[in-house]
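Chains as they are written, first to last, in the numbering used here: chain H, 1 to 309; chain V, 1 to 345; chain E, 1 to 552. We treat Cβ as the ideally placed atom computed from N, Cα and C, and that holds for glycine.
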Amino acid sequence: MVAVLFAISVLVFLIFNVIPNSDPAARIAGKNADPELIARVSADLGLDQPLYVQYLTMMKQIFTGQLTSYASSQNVVEQIWKGLPATLSLCIGAAVLWMVLAIWFGYLSAVHAGKFTDRALTILSLVGISVPVFWLAAILLYYLSFKAELFPTSGYVPLSRDPLDWAYHLILPWLTLAVLYVGFYSRVLRSNMLDVMNDDHVRTARAKGISERQVRIKHVLRNSMIPVVTLFGLDFGAVVGGGAILTETVFNLNGVGLYAGQAIGTLDLPPLIGVTMFGAFFIVLFNTLVDVAYAFLDPRIRIGEAAPV
Amino acid sequence: MATPSDAVEAPGDPVLPVGVPAARIRGRSPWYLAWLRLRRNRISLAFGALFLLIVLFCLAAPLWADQVAHTGPNENHITDTVMIDGQQTDVVSPDGTPIGPGLHGRYLLGADQNGRDVMVRLMYGGRTSIYIGVAAAAITTVLAVLVGLLCGYYRGWVDATLSRIMDVVWAFPVLLLGIALGTALALGGLKIGALQIAGDSLWIPIMIIGLVYVPYMARPIRGEILALREKEFMEAAVAQGKGPVRIMVSELLPNVVSTIIVFFTLNIANNMLLESALSFLGAGVRAPNASWGTMIADGYQTIYTAPHLTIVPGLMIVLTVLSLNVFGDGLRDALDPRAKIRLEH
Amino acid sequence: MSKLRTALRKVTVLSCISAVAVFGVAACGSDDGSGASGGGGEINISMTSFPDYIDPQLSYTLEGWEVLYNVYTPLLTYKHARGEEGTAVVPGLAEAMPEISDDGKTYKLKLRSGMKFSDGTPIKASDFTYAIQRLFKADSGGSVFYSGIVGAPAYADGTADTISGIVTDDATGDITITLDAPNGTFENVLGLPFAAPVPASTPLADDATNNPPPSSGPFMITSVEAPQTMTMERNPNFQSVLDAGATEVADANVDKIVVTQNKSNSAQVTGVEQNTIDFMVDPPDADRLQEVKTRFGDRFRMEESINTYYFWMNNQTAPFNDVRVRQAVNYAIDPEALNRVFGGRLHPTQQILPPGMPGYEEYKLYPGPDMNKAKALLAEANPADRDITVWTNDEPDRKRIGEYYHDVLNQLGFNATLKVIAGDVYFTTIGNQSTPDLDTGFGNWFQDFPHPDDFFRPLLNSDAILPTNGNNFSRASYPELDAKMDELLTKQLTEGDTEAQYAALDKAYMERAAWAPYGNEQFTTFVSDRIDFDKAYHHLLFNQDWSALALK
């Protein structure tokens, strides 16, 4: 896990030092700077040191919380910390929404497999995974916010300030972010449930006389959830780690994603390394959690047999 | 032996001909069976046809540009006027509002803020977007198959190393990676030894998108190869004295072809979505060239006065990606009705 | 099963409806508690980009200066007046305009007595020296304007402990500044926030944004949460500045201003329209402009600003090293088309200097657009090298301008490639000599202070062709014009025909078609219902003068 994070940080650092003409010293020195001023700024920022020294300094600064942006002299770690509530509000809310809807739709689809409900829900799911997130956000903003004036056009209201307003500003972003995943997860659940429904242990349960509904929920649904949960872990990690950048940008939510987007626009290396590390950390963390959860949820793994692919 | 008089329909099984003695029933290859299954899935076929139609539509771009619209995709007409309903109208009004869609040959879908014909740009943009999607899928497939085969066959340290690399690529926030590389390479292009790619070449987004999805495809392939490795036919092949390359190519590879086909189709869809996201953020296709993603980005500026500039390219993306997804789904059902790839040699 | 489903559905629908209802009610605009009428109250202002620094010695953007104009008063300041009157330099914390020696190298000023910063500490003459020292130690971009002070370079690189050219006496308030050479822009430069005195408690070499120094203007900064929001409140000790006799500074008309960053221009427009935002710093985007103009004309107006938008062309390499090619471009571009890209906010021009700048004179050397004339000129010049690269940055209207220009060049007969660079690094990229293929591209320049030298020197003087970070993107190098520039610098603007000579210099550069200028961007004043629209005005240097914002 540490190795992966390390590799990613080196990659980002190298990429941004490869970009020609993004010399931060020249940018900071301002539009009228003379060469002496640029040289002084360069020395102050440590940009005249060899690359590996710069890299080590930057890494040290991340971990001691001292990393400062080139473009604005703000502390990167602090900014990420400040952006976390918005990002987590967005991601957790969307995740709850998508899991609830996905389980509901997937269940309905599997239970009525082959019939109209199933077909309709499948088409809806496929449409869901075919829509570009930022486009959907723009369309929703235009129709529901601007034209119908049902929702605010942008901005994030902290939960502590006003829970109702907080939720109000987040409804459209939650919807937007959830649409893609609902489609995907409902189909995964559906296909898993269909598999499990024909398994021996389900047939046994039915033979024992348990009601169909109980069979479906306690035996089929429960067992189908394992791959869904593991997938969820991975996707949630990815969403927090950087997948929310588009939604945050369009809806102007002051989260980590928006911060990353701005840093990219300004080719500002310190925030970018900070956010990338943050993102990678989350993804790797959730990868690990998923592996642990999988072992926990699937007794066969715990007991030592090979897991189904 | 009597043949069944009634057709027995198991889900996904094709119907066996009635009244023909068993000995005379021709053996059907799995491919033919798959094709029969696919043929019965009308919705999938319909969407597959839709995709082809969209491709044809985009390929017709030069025709439309020459014959109907009389303008190229990048030609600005900001201060020009056009004859609509007998009236000379400004393509772009003095306050910057472009004309909207309407039933006229020129500017059928209206104009954008630079006075360019949206319909023409849509068609040329489609060519770019689809081209990127397919080319990137090709790169992903080749790399993913390579990685999957090597990991699955050799296991050990080869697997460990390649899997770690895949982990790094997988863990790298996708958009940030795409934007980072896109911006980094846009200025000077890519120069590795003899290989030279210009900064605004389409190959830069193609390579980036191709690279990003390799782990996504490589992992399932690797998993399958690992499973296949344990089968008896592998022992037989090794006993026959076949070298690793021959085994990988002639024994293992054919067994994952179905997975590859399905993933390839779905990958095109994902690639087009990623390309639109990258172009929206300015790191994909470079201006002034059109792609559906850049058109959405451009249209986004005027979404309140000219929403069609954003809506139309987005709808095209949705239609194209949807048709690929539905068709890909149908392919998956046809190639493997039991949702677990289990073709034996 | 079906009963449960029906029940579930009912609950879902009901909760959706009630949710929408609740939020619908909450959506009806909230009413900020408004203050008393005339001379009080609280307003909120939105901007798309937060100020780069909340530090008078470091801030070098329009947003930053707009905020700091009424927070830190320098020795001299700019008149709080609209239009050209606002470009006049007048006494601020100093008693009177400086006494300039005959050789133009010594400036004598006297600080008013009895003034206090917002935290109660007295304002001393040495606080001015401290401010200039900060410029160098904190590596401010503005330090270049003051490096002509004797001893400044030595102080900057650490060989000296003080700046020998500034002598102050805290008891009498006398300040004497000695320059290396006479400089007609020095008074202008003394009026910039860079030179605003700050107490010695301010960190010498660090950015003070998170804890701005005590103020000497009508407002003081009470909290900063960069880059989201900041708050300014009435400075209780500003009266001491007024009492000391400062007449050219303006008092605050509201008690509190809350500044918030909002990346969405459209959301800001809607906010001002619905009176939830009192003033938006940036002009409405092109697609909302028409709507604002027609529906809210009673609280919206267009404002002139001092800037020039142009296309730079590389005067030193083919094909633009041929004056005929450059003139062809001047004939070919259509300012009206570019104006439409801006949504109607671009005033067409063919001059280097913008209107409002002393020395501006309107004339048209290349009446057009005239594509035929342009093509004829190009045919005459017949450049062998037709592969050119066109540069622009990725801000939306800059990108469209670049696409337009790229198309025009292709129509002319070139084989142009467009390169779009990220906004923040655009100028350093094209200002870097080692970037290949710097043929032509987008450029603009906003004045630092209202003196023509601020346009000519950084943009067209041979010395401004630097290995990195130069602003002379056109690589224009005309020694005879350089000499003229230097000569005019030593004179004061009010002397004789200096202004007319600057106009002649402008014409000289345009005869050589060093640039292809096309427009001056107009800004806007758009305020909410609560604000007294007639009192509010646009200042030519600092955008909106926040001391003039008042509730009705």
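### Task
Leaving out five residues on either side along the sequence, give the residues of the same chain with a beta carbon under 8 Å from the beta carbon of T57 (chain H).
G46 and Q49
### Residue span of the alpha helix (DSSP H) that contains P215 (chain V), given as start and end
V214 to R229
### Query
Are G92 (chain E) and L75 (chain E) closer than 8 Å when you measure CB to CB?
Taking 8 Å as the Cβ cut-off, G92 (chain E) and L75 (chain E) qualify as a contacting pair.
### Message
If we define contact as Cβ-Cβ less than 8 Å, is D200 (chain V) a contact residue for chain E?
### Response
yes
### Message
Short of 7 Å in beta carbon distance, which residues of its chain neighbour N17 (chain H), apart from the five on each side in sequence? Order them along the chain.
### Response
L51
### Task
Have a look at the DSSP bridge pairing and note the partners of N543 (chain E).
E:H539
### Query
In chain order, what residues of the same chain have a beta carbon less than 8 Å from the beta carbon of T81 (chain V), not counting five sequence neighbours either side?
If we look at T81 (chain V) and ignore the five residues flanking it on each side, its Cβ neighbours are Q88, T89, D90 and V91.
#### Entry: Any C-beta of chain H under 8 Å from that of G173 (chain E)
no
### Task
Please name the residue in E:D439, E:L460, E:G173 and E:S59 whose C-alpha comes closest to that of D114 (chain E).
Correcting the residue identity first, residue 114 (chain E) is Gly in this sequence and not Asp. Per the Cα distances, E:G173.
### Query
Closer than 7 Å, Cβ to any Cβ of chain H: which residues of the region 419-440 of chain E, in chain order?
A422, G423, D424, V425, F427, T428, T429, N432 and T435
### Task
For A138 (chain E), I'd like the list of residues in its chain whose CB is within less than 7 Å of its CB, leaving aside the five on either flank, ordered along the chain.
Q57, L58, A205, D206 and D207
### Query
To the nearest angstrom, how far is it from the Cα of I430 (chain E) to the Cα of E395 (chain E)?
16 Å
### Query
Given that D207 (chain E) touches chain H, what residues does it touch there, using C-beta distances under 7 Å?
S73
#### Entry: Proximity winner among E:A376, E:K419, E:A332 and E:G271, relative to M47 (chain E) (alpha-carbon distances)
E:G271
### Task
Please classify V82 (chain V): does DSSP put it in a helix, a strand, or coil?
When DSSP states are grouped into helix, strand and coil, V82 (chain V) belongs to the strand group.
### Query
Over what stretch of residues does the beta strand (DSSP E) that includes V390 (chain E) continue unbroken?
Here the beta strand (DSSP E) through V390 (chain E) covers D387 to N393.
### Message
Give me the chain H residues within the contact set of R164 (chain V), using Cβ-Cβ distance strictly less than 9 Å, ordered along the chain.
### Response
A3, V4 and A7
### Query
Got a sec? Which residues, its chain only, sit under 8 Å from H80 (chain E) by beta carbon, not counting five neighbours each side?
G86, E248, V249, A250, H539, D545, S547 and A548
### Message
For G33 (chain E) and R216 (chain H), I'd like the C-alpha separation in whole angstroms.
### Response
Only weak support exists for where G33 (chain E) lies, its pLDDT of 40 falling under 50; the coordinates are left without a value.
### Query
Is DSSP giving G38 (chain E) helix, strand or coil here?
With a pLDDT of 42 at G38 (chain E), under the threshold of 50, the modelled position of this residue cannot be trusted; read the value that follows with caution. Reduced to three states, the DSSP call for G38 (chain E) is coil.
### Query
According to DSSP, is L549 (chain E) helix, strand or coil?
coil
### Query
When the Cα atoms are used, what is the spatial distance from Q67 (chain V) to A60 (chain V)?
11 Å
### Query
Under the rule that 16 or more other beta-carbon atoms within 10 Å means buried, what is Y143 (chain H), buried or exposed?
exposed
### Query
Whose C-alpha, out of E:G158, E:I132 and E:L488, is nearest the C-alpha of T202 (chain E)?
E:I132
### Query
beta strand (DSSP E) containing R301 (chain E): first to last residue?
F300 to E303
### Task
Please say whether A306 (chain V) and T97 (chain V) have beta carbons closer to each other than 8 Å?
yes
### Query
Per DSSP, which one or two residues make a beta bridge with D174 (chain E)?
D174 (chain E) pairs with E:K110 and E:D169.
### Task
Give the secondary structure of T77 (chain E) by DSSP, where H, G and I count as helix, E and B as strand, and everything else as coil.
strand
### Message
Which complete alpha helix (DSSP H) runs does the region 171-234 of chain H hold, if anything under 4 residues is left out?
### Response
200-207
### Task
Measuring alpha carbon to alpha carbon, tell me which of H:S109, H:I171 and H:V202 ends up nearest A86 (chain H).
H:I171
### Query
Would you say S46 (chain E) faces chain V, with C-beta separation under 8 Å as the test?
Taking Cβ atoms only, chain V never reaches closer than 8 Å to S46 (chain E), which makes this a no.
### Query
Are F128 (chain E) and T162 (chain E) closer than 8 Å when you measure CB to CB?
no
### Query
What is the residue span of the alpha helix (DSSP H) that W104 (chain H) lies within?
V76 to V111
### Query
Which partner residues does D90 (chain V) have in the DSSP bridge list?
The partner list for D90 (chain V) (beta bridge, DSSP) reads V:T81.
### Message
I want to see whether chain V comes within less than 8 Å of H406 (chain E), judged by CB atoms only; does it?
### Response
yes
### Message
In whole angstroms, give me the CA-to-CA distance for G72 (chain V) and L38 (chain V).
### Response
40 Å
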